[in-house]
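Following: one structure in structure tokens, then a few remarks.
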Amino acid sequence: MQEIINIFVKSIFIDNMVFAFFLGMCSYLAVSKTVKTSMGLGIAVCFVLLITVPVNYLINEYLLKEGALTWISPAFAEVDLSFLSFILFIAVIAAIVQLVEMFIEKFSPSLYSQLGIFLPLIAVNCAIMGASLFMQQREYANIGEVFSFSLGSGIGWLLAIIGLAAIRERIRYSQIPKPLKGLGITFIITGLMAIAFMSFIGIKL
Amino acid sequence: MANMLKLIKNPLSKENPIAVQVLGICSALAVTTQLKPAVVMALSVTVVVVLSNVVVSLLRNTIPSRIRIIVQLVIVSLMVILVDQFLKAFVYDVSKQLSVFVGLIITNCIVMGRLEAFALANKPLPSLLDGIGNGLGYAVILIILGFIRELFGQGSLWGYKIMPESFFEAGYVNNGLMTMPAMALILVGIIIWVHRSRNEDLCEK
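Line by line, the protein sequences give chains A and B. Residue 1 is where the first sequence starts when you use this note's numbering, and the numbers rise one by one after that. Residue 206 is where the second sequence starts when you use this note's numbering, and the numbers rise one by one after that.
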């Protein structure tokens, strides 16, 4: 149990998707103009992460890993399909994003219209794919840890994008050197936020 | 002919994928703590962009537009699997250093962005050149970042010591912040600043 909480806190603050690994940077920069839209995107990313990473964990555990196929027959003990993981992971992500989109459209049209174009774009958000690949690389012990990792990363990403959007709303009328306006200053703000998040390094529960 | 040259030349500066189009930031920042992985990554991305640009361009009349994202993802992930296996076989240490970021080329916005914006509407030869141009434009930024970060962060280049011992005796210290994620973001901000102050027309209003 303690390990699960530890992973959760660690993936929000220390291994933050944006500040430590730069994942999901493209939509992070493009959609952070107002707090409201960035909130919508952040929640959608959280939601998709929470579903895709555990599904990919099961696929990795029972299909791809070396010796994963032993549940079919002991003869497959030496089969290692991990070279297929990229294509399978991305297929799972694309399929689940499509499902989530249809599901939300059916059951909550208001949320659907709020998220709008962001939902289909999540399929090519590197934060989602990155989380699946990190899950594979870090070899989490059980599905509970995977759930806490995916929820933590999602919340970390949500925090980061809301923080940036709030700052960008505040500086809209500031005097910024002309060539720095827009993209340039956004990078520098993100850098400063990353320095702030560095102070969490070393925290352990 | 002049048009063809433009396809290669434009992405190097005026339409640089990172500094102007804001595509593929994630990997650009994460792999540039040293020069060597930065160069390997730049080459891998170039290869993937070129190959998938050509393949998609060849198939552009047969891909139904409703499922084009999935088709593109499959093509790109095939190319990335090839590159990943190649790196694992020939430069294993760098491939370990790049960790998940080779897999993340699939969701690299440069690849998808060029496929959507260019390859789907153009013949194979221009697509090939467009791929080379954008790959090189990406490489330029990666090499600048890798150079600055390794030189000032670790005092070496390509793994060889560059800063003379006498500097350290005189009180010079490596800037540890350079190897941190935060500084990569600020450096990109500065590159954009310099780039835009030299090309006034790129500034945001």
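Beta carbons are placed, not taken as given, at the ideal position from N, Cα and C, and that holds for glycine. As the structure is a computational prediction, the values presented were derived from the model and not from experiment.
The residues Ala247, in chain order, have a CB closer than 6 Å to that of alanine 344 (chain B) in the same chain once the five nearest residues on each side in sequence are set aside. Across the structure, serine 300 (chain B) and proline 54 (chain A) are spaced so that their CA atoms are roughly 26 Å apart.
Spatial neighbours of threonine 190 (chain A) in its own chain (CB-CB distance under 7 Å, excluding positions within 5 residues in sequence) are listed in chain order as Leu164. Glutamine 137 (chain A) and tyrosine 112 (chain A) have their C-alpha atoms roughly 34 Å apart.
In terms of beta-carbon proximity, proline 179 (chain A) lines the interface with chain B, with at least one pair separated by less than 8 Å.
For asparagine 60 (chain A), the closest alpha carbon among the candidates A:Leu84, A:Pro109, A:Ile167, A:Pro74 is that of A:Leu84. The C-beta of alanine 387 (chain B) comes closer than 8 Å to at least one C-beta of chain A. At least 8 Å separates the beta-carbon of threonine 251 (chain B) from that of glycine 376 (chain B).
Taking CB atoms only, methionine 102 (chain A) has no neighbour in chain B less than 8 Å away. Spatial neighbours of cysteine 408 (chain B) in its own chain (CB-CB distance under 7 Å, excluding positions within 5 residues in sequence) are listed in chain order as Arg401. Alanine 235 (chain B) has a beta carbon lying within less than 8 Å of a beta carbon in chain A. Nearest neighbour of asparagine 258 (chain B) by Cα position, chosen from B:Leu309, B:Leu347, B:Ala324, B:Gly364, turns out to be B:Ala324.
In the DSSP assignment, arginine 354 (chain B) falls within the unbroken alpha helix (DSSP H) covering 329 to 359. At a cut-off of 8 Å between beta carbons, methionine 317 (chain B) contacts chain A. Look at the stretch 390 to 402 of chain B: the residues with a C-beta under 7 Å from a C-beta of chain A are Leu390, Ile391, Val393, Gly394, Ile397, Trp398, Arg401, Ser402.
Of all residues in the stretch 289 to 320 of chain B, only Asp289, Gln290, Ser304, Val305, Gly308, Leu309, Ile311, Thr312, Asn313, Cys314, Met317 come within less than 8 Å of chain A when Cβ atoms are compared, listed by chain position. Shown here, leucine 278 (chain B) sits in a helix according to DSSP, grouped into three states. For the stretch 227 to 252 of chain B, the residues whose beta carbon sits under 7 Å from a beta carbon of chain A are, in order, Val227, Leu228, Ile230, Cys231, Leu234, Ala235.
Within chain A, Phe86, Ile87, Ile90 have C-beta atoms less than 7 Å from the C-beta of serine 282 (chain B), given in sequence order. In the three-state reduction of the DSSP assignment, leucine 164 (chain A) falls in the helix class, which pools H, G and I. Here glycine 154 (chain A) is near leucine 50 (chain A), since their CB atoms are less than 8 Å apart. Residue pairing for lysine 366 (chain B): DSSP places it in a beta bridge opposite B:Ser361. Going by C-alpha positions, serine 82 (chain A) is about 37 Å away from threonine 37 (chain A). Close CB contacts of asparagine 125 (chain A) within its chain, under the 6 Å cut and outside five residues either way in sequence, are with Gly24, Ser27 (chain order).
The Cβ atoms of asparagine 379 (chain B) and glycine 364 (chain B) lie no closer than 8 Å to each other. Only those residues of the stretch 252 to 286 of chain B whose C-beta falls short of 8 Å from the nearest C-beta of chain A are listed: Ile274, Ile275, Leu278, Val279, Ser282, Leu283, Val285, Ile286. Per DSSP, methionine 25 (chain A) is one residue of the alpha helix (DSSP H) stretching across 25 to 30. By the beta-carbon neighbour count (other beta carbons within 10 angstroms, threshold 16), asparagine 313 (chain B) is buried. CA-to-CA, the gap between methionine 383 (chain B) and isoleucine 349 (chain B) works out to about 13 Å.
With fewer than 16 other beta carbons inside 10 angstroms of its own, arginine 172 (chain A) counts as exposed. Take valine 254 (chain B), set aside five residues on each side of it, and the residues of its chain with a beta-carbon closer than 7 Å to its own are Ile315, Val316, Arg319, Gly336, Asn339, Gly340, in chain order. Rounded to the nearest angstrom, the gap between the Cα atoms of leucine 121 (chain A) and threonine 186 (chain A) is 21 Å. Comparing C-alpha distances from isoleucine 275 (chain B) to each of A:Ile96, A:Ala30, A:Ile167 shows the shortest one belongs to A:Ile96.
A residue is called buried when at least 16 other Cβ atoms come within 10 angstroms of its Cβ; serine 32 (chain A) meets this threshold and is buried. For glycine 152 (chain A), not one C-beta of chain B is nearer than 8 Å to its own C-beta. At least one C-beta of chain B is nearer than 8 Å to the C-beta of isoleucine 195 (chain A).
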